[in-house]
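Enquirer:
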Amino acid sequence: MADKLSDVERIKSESRQLRGTLTESLANPLTGAIAADDTQLSKFHGIYQQDDRDLRSERMRAKLEPAYSFMIRARVPAGVCTPTQWLNMDRMANDYANGTIRLTTRQAFQLHGVIKRNLKASIAGINSAMMDTIAACGDVNRNVMAPVLPALSAVHRQVQADAERLSDHLTPATRAYHEIWLDGEKLDTPDVQAATVEEPIYGKTYLPRKFKTAFVVPPQNDVDIYAQDLGFVAIVEDGELKGYNVTVGGGMGMSHGEPETYPRLADVLGFVAPDDLLAVAEAVVTTQRDHGDRSNRKHARLKYTIEDHGLDWFRGEVEERSGVTLGGERPFSFVANGDVYGWQQDDAGDWHYLLFVENGRIADRGERRLMAGLKEIAERHRGEFRLTPNQNLVISKVDSADKDGIDSLLREYGIENSSQASLLRLNSMACVAMPTCALAMAESERYLPDLVSQLEALLAESGLDDVPITMRMTGCPNGCARPYIAEIGLVGKGPGRYNLYLGAGFAGERLGAMLLENANEAEIVGALQPLFERFAAEREDNEHFGDFLVRSGVMRRVDAGREFHAASAA
Ligand code: SRM
Ligand code: SF4
Numbered sequence: 045m046a047d048k049l050s051d052v053e054r055i056k057s058e059s060r061q062l063r064g065t066l067t068e069s070l071a072n073p074l075t076g077a078i079a080a081d082d083t084q085l086s087k088f089h090g091i092y093q094q095d096d097r098d099l100r101s102e103r104m105r106a107k108l109e110p111a112y113s114f115m116i117r118a119r120v121p122a123g124v125c126t127p128t129q130w131l132n133m134d135r136m137a138n139d140y141a142n143g144t145i146r147l148t149t150r151q152a153f154q155l156h157g158v159i160k161r162n163l164k165a166s167i168a169g170i171n172s173a174m175m176d177t178i179a180a181c182g183d184v185n186r187n188v189m190a191p192v193l194p195a196l197s198a199v200h201r202q203v204q205a206d207a208e209r210l211s212d213h214l215t216p217a218t219r220a221y222h223e224i225w226l227d228g229e230k231l232d233t234p235d236v237q238a239a240t241v242e243e244p245i246y247g248k249t250y251l252p253r254k255f256k257t258a259f260v261v262p263p264q265n266d267v268d269i270y271a272q273d274l275g276f277v278a279i280v281e282d283g284e285l286k287g288y289n290v291t292v293g294g295g296m297g298m299s300h301g302e303p304e305t306y307p308r309l310a311d312v313l314g315f316v317a318p319d320d321l322l323a324v325a326e327a328v329v330t331t332q333r334d335h336g337d338r339s340n341r342k343h344a345r346l347k348y349t350i351e352d353h354g355l356d357w358f359r360g361e362v363e364e365r366s367g368v369t370l371g372g373e374r375p376f377s378f379v380a381n382g383d384v385y386g387w388q389q390d391d392a393g394d395w396h397y398l399l400f401v402e403n404g405r406i407a408d409r410g411e412r413r414l415m416a417g418l419k420e421i422a423e424r425h426r427g428e429f430r431l432t433p434n435q436n437l438v439i440s441k442v443d444s445a446d447k448d449g450i451d452s453l454l455r456e457y458g459i460e461n462s463s464q465a466s467l468l469r470l471n472s473m474a475c476v477a478m479p480t481c482a483l484a485m486a487e488s489e490r491y492l493p494d495l496v497s498q499l500e501a502l503l504a505e506s507g508l509d510d511v512p513i514t515m516r517m518t519g520c521p522n523g524c525a526r527p528y529i530a531e532i533g534l535v536g537k538g539p540g541r542y543n544l545y546l547g548a549g550f551a552g553e554r555l556g557a558m559l560l561e562n563a564n565e566a567e568i569v570g571a572l573q574p575l576f577e578r579f580a581a582e583r584e585d586n587e588h589f590g591d592f593l594v595r596s597g598v599m600r601r602v603d604a605g606r607e608f609h610a611a612s613a614a
């Protein structure tokens with residue numbers, strides 16, 4: 045007998061294409077929360093119910109319900125947004141949220157702290173600037189990522205257009221979003237429901253779990269293609285886009301103490317021509333829809349479907365469903381998985397400034413006034429912005445005549461890269477964690493900057509301050525900042541306690557393994573200091589920290605996710 049379906053499957057199936065009782069929940073004045081089932085459905089609309097964890101015990105003592113508020117995630121396909129959209133997001137953040145904007149690890153915007161009575165106005169406000177939040181979360185394809193620097197590739201525009209095309213193709217068809225948030229025409233009557241066709245790609249119960257897609261142009265792996273459920277690696281020959289290597293089955297999430305869950309790097313499935321892209325992507329999605337595990341959500345991602353059935357079986361399904369025979373993998377290689385900072389000029393003569401945004405938080409802090417500075421830049425800028433997959437921002441398509449003006453604004457607001465950051469900081473990322481994330485076990489965004497300061501000093505002492513090292517922290521093992529593919533990965537275990545993972549590849553092509561479990565700051569710093577010293581003494585030309593740790597035998601090499609825990613225990 046098949047295993048019992050998870051409760052989220054029931055909620056989706058009874059939801060009438062994601063409507064549930066969201067309208068009633070919003071209208072209920074007695075609580076700042078929405079109904080329990082609706083908290084699952086709201087995710088498909090880009091909304092998470094949260095509560096301020098800093099205030100939890102105080103509110104409990106006062107016998108008050110938790111300080112409920114909502115996180116809203118706005119999709120930005122391929123990361124591109126206009127200055128008008130930026131200004132709109134700035135306004136939403138100030139009018140309805142906590143006055144800051146969060147740039148995410150998937151090129152999207154997040155607003156935190158929106159209370160229930162402001163939810164509808166916020167979503168409508170976001171949509172008023174031609175941006176939406178549908179499918180930013182939930183068991184569907186999420187924001188499709190693409191590289192951000194046109195200067196790095198002659199085929200950039202084509203790849204970006206393909207990413208946007210695929211994003212449109214995989215967006216859910218339900219009208220529930222428009223009805224609930226935008227006062228669209230109500231289609232939710234019994235007659236209309238009977239006539240409503242099911243979602244053409246997703247069906248009645250959508251996917252078994254979240255699904256993530258990205259495009260990349262080698263040699264920069266800025267989207268971390270190996271962490272994606274579905275990836276497209278541009279193959280460029282003689283300056284022409286020939287097509288893509290398709291990758292499948294990447295993912296980061298795992299649970300502490302549950303070795304049957306693990307981070308996994310994607311495999312290359314084969315090569316596809318640009319014209320067949322949508323058919324192949326859709327076949328990957330529907331294969332996962334039909335074969336993904338719907339009983340155990342911890343085993344429901346595409347990575348486990350592939351582990352369980354095998355890559356050859358999966359390729360066969362995709363070829364049969366799409367009618368496309370995939371070609372053999374074409375050669376490619378990556379040099380780094382971070383961002384390339386500063387000014388770059390593209391082949392059309394436009395300039396692009398990749399701006400460091402520490403942990404993606406746009407806020408005014410002391411001398412560094414990112415929120416105010418970017419607002420003024422958006423008011424003057426005539427090009428675009430691009431959100432990067434590493435929580436940074438590109439001021440994009442700047443005319444040569446406007447470049448000095450942007451530079452002086454960056455200086456005036458104290459936000460230019462050179463004044464802010466060491467190489468370690470520039471290559472660091474932290475997930476949100478406390479106080480908003482319900483799943484956080486430890487601090488991340490609020491703590492990483494301090495730890496980086498301590499490690500910067502150690503690196504400088506060892507003469508390593510000119511060596512880029514990737515470092516990522518998350519408040520729990522879900523891996524939202526992709527820590528298992530950073531050379532130094534820290535994953536929250538409890539308050540002030542982290543697992544330390546080392547030995548991953550600088551281009552995100554190899555997993556790290558655990559060196560310390562449940563370690564405090566002193567133990568982490570104490571373990572890294574001698575390794576930095578040894579690295580400085582024994583480093584080969586241009587060798588990266590993760591590569592050194594594997595070459596020197598300090599850490600075991602981990603390529604396959606299923607070996608992750610065994611390597612960590614060694
Ligand atoms: Fe994530 C859940 C934040 C990228 C793996 N993630 C969450 C939630 C929504 C917590 C929750 O379910 O209640 C976090 C909200 C925190 C808050 O207060 O804002 C959250 N994830 C984030 C963001 C904002 C981190 C950031 O600092 O930028 C990223 C938003 C991306 C976006 O715009 O869509 C974010 N999350 C990721 C990534 C990275 C990526 O996609 O490249 C991963 C690892 C890749 C992957 O999916 O395997 C990731 N998030 C997870 C997981 C574990 C999934 C799994 O397969 O086990 C969860 C928990 C879950 O789904 O049950 C989760
Ligand atoms: Fe929250 Fe964990 Fe994701 Fe950090 S990694 S944002 S703590 S779910």
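End of the sequence shown = 614 in our numbering, gap-free, step of one.
Ideal Cβ placement from N, Cα and C applies to all residues, glycine included.
Could you tell me the boundaries of the alpha helix (DSSP H) in which aspartate 311 lies?
Expert: Per DSSP, aspartate 311 belongs to no alpha helix (DSSP H); it is in the beta strand (DSSP E), 311–316.
Enquirer: Are there any heavy atoms of the ligand SF4 lying less than 7 Å away from the beta-carbon of cysteine 481, as far as the coordinates show?
Expert: Yes.
Enquirer: For glycine 295 versus arginine 333, is the C-beta distance shorter than 8 Å?
Expert: No, the Cβ-Cβ distance between glycine 295 and arginine 333 is not below 8 Å.
Enquirer: For the alpha helix (DSSP H) containing threonine 331, name the first residue and the last one.
Expert: Looking at the DSSP string, the run of the alpha helix (DSSP H) that includes threonine 331 is 321–335.
Enquirer: Compute every distance between the C-beta of histidine 156 and the non-hydrogen atoms of the ligand SRM, then say whether any falls below 7 Å.
Expert: True, at least one ligand heavy atom lies under 7 Å from that Cβ.
Enquirer: Asparagine 162 lies in the beta strand (DSSP E); which residues open and close that run?
Expert: From DSSP, asparagine 162 is part of no beta strand (DSSP E) but of the alpha helix (DSSP H) over 160–172.
Enquirer: Nearest CA to the CA of glutamate 302: which residue from Ala106, Ser172, Asn522 and Gly228?
Expert: Of the listed residues, the one whose Cα sits closest to glutamate 302 is Asn522.
Enquirer: Per the DSSP calculation, histidine 396 is bridged to which residue(s)?
Expert: Answer by DSSP bridge pairing, in chain order: Gln388.
Enquirer: Does serine 472 pass the burial test, meaning 16 or more other C-beta atoms within 10 Å, or should it be called exposed?
Expert: It is buried - the Cβ of serine 472 has at least 16 other Cβ atoms within 10 Å.
Enquirer: Less than 8 Å separating the beta-carbons of serine 166 and valine 261?
Expert: Against a cut-off of 8 Å, the Cβ pair of valine 261 and serine 166 comes out as no contact.
Enquirer: Is the region 336–343 touching the region 273–285 in the sense that three or more CB pairs, one from each, lie closer than 8 Å?
Expert: Verdict: no, contact absent.
Enquirer: Is the closest heavy atom of the ligand SF4 to the C-beta of alanine 530 under 7 Å?
Expert: No; taking the cut-off as 7 Å, the Cβ of alanine 530 has no heavy atom of the ligand SF4 nearer than that.
Enquirer: Taking the alpha carbon of glutamate 587 as the point to measure from, which residue in Gly382, Pro512 and Thr480 has its own alpha carbon closest?
Expert: Looking at the Cα atoms, Pro512 is the closest of the given residues.
Enquirer: Going by other Cβ atoms of all chains shown within 10 Å of its Cβ, with 16 needed for buried, is aspartate 510 buried or exposed?
Expert: It counts as exposed.
Enquirer: DSSP puts glycine 295 in a beta bridge; with which residues?
Expert: Looking at the DSSP assignment, glycine 295 forms a beta bridge with Arg308.
Enquirer: Could you tell me whether any non-hydrogen atom of the ligand SF4 is closer than 7 Å to the CB of asparagine 522?
Expert: Yes, the beta carbon of asparagine 522 sits closer than 7 Å to at least one heavy atom of the ligand SF4.
Enquirer: Less than 8 Å between the beta carbons of asparagine 138 and serine 172, yes or no?
Expert: No, the pair does not count as a contact, with Cβ atoms beyond the cut-off.
Enquirer: Ignoring anything shorter than 4 residues or poking outside the region 191–224, list the alpha helix (DSSP H) runs there in chain order.
Expert: Qualifying alpha helix (DSSP H) stretches, in chain order: 200–213.
Enquirer: Between threonine 149 and the ligand SRM, is the CB less than 7 Å from at least one heavy atom?
Expert: It does: the Cβ of threonine 149 is within 7 Å (strictly closer) of some heavy atom of the ligand SRM.
Enquirer: May I ask you to verify whether the region 118–128 touches the region 97–107, counting CB pairs closer than 8 Å and requiring at least 3?
Expert: Because the criterion of three Cβ pairs below 8 Å is not met, the region 118–128 and the region 97–107 do not touch.
Enquirer: Classify aspartate 47 as buried or exposed, calling it buried when 16 or more other Cβ atoms lie within 10 Å of its own Cβ.
Expert: Aspartate 47 comes out exposed.
Enquirer: Find the nearest neighbour of aspartate 227 within the set Phe88, Ile459, Ala168 and Arg209, judged by alpha-carbon distance.
Expert: Among Phe88, Ile459, Ala168 and Arg209, the Cα nearest to that of aspartate 227 belongs to Ala168.
Enquirer: Tell me the rounded alpha-carbon separation between serine 59 and lysine 248.
Expert: Cα to Cα, the separation comes out at about 9 Å.
Enquirer: Below 7 Å, is the gap between the Cβ of cysteine 475 and the nearest heavy atom of the ligand SF4?
Expert: The answer is yes for cysteine 475.
Enquirer: I'd like to check one pair, threonine 369 with glutamate 363: are the Cβ atoms closer than 8 Å?
Expert: Yes; because the gap between Cβ atoms is below 8 Å, this pair is in contact.
Enquirer: Residues in its own chain within less than 7 Å of tyrosine 385 by CB, not counting five upstream and five downstream?
Expert: For tyrosine 385, where only same-chain residues beyond five positions count, the Cβ hits under 7 Å are Leu398, Phe400, Asn461 and Leu470.
Enquirer: Under 6 Å Cβ to Cβ from lysine 160, same chain only, skipping five residues before and after it: list those, please.
Expert: Excluding positions up to five away in sequence, the list reads Gly76.
Enquirer: If we ignore side chains and look at the alpha-carbon of each, how far apart do glutamate 487 and threonine 518 end up?
Expert: Cα to Cα, the separation comes out at about 8 Å.
Enquirer: Please classify glycine 417: does DSSP put it in a helix, a strand, or coil?
Expert: Glycine 417: helix per DSSP, three-state reduction.
Enquirer: Are the Cβ atoms of glycine 427 and serine 444 separated by less than 8 Å?
Expert: No, the pair does not count as a contact, with Cβ atoms beyond the cut-off.
Enquirer: Let me know if lysine 537 comes out buried or exposed under the rule of 16 or more other beta-carbons within 10 Å of its beta-carbon.
Expert: Lysine 537 should be labelled buried.
Enquirer: So, using beta-carbon positions, are leucine 309 and aspartate 603 closer together than 8 Å?
Expert: Yes, these two residues count as a Cβ contact at 8 Å.
Enquirer: Can you give me the C-alpha to C-alpha distance between glycine 371 and valine 476, rounded to a whole angstrom?
Expert: When rounded, the distance between both Cα atoms is 40 Å.
Enquirer: Does DSSP put valine 267 in a helix, in a strand, or in coil?
Expert: In this structure, valine 267 counts as coil in the three-state DSSP scheme.
Enquirer: Which value, in whole angstroms, describes the spacing of the CA atoms of serine 596 and leucine 544?
Expert: Spanning the two alpha carbons is a distance of roughly 18 Å.
Enquirer: Determine the closest residue to threonine 67 out of Leu453, Trp225 and Val199, with distance taken between C-alpha atoms.
Expert: When each option's Cα is compared against that of threonine 67, the closest is Trp225.
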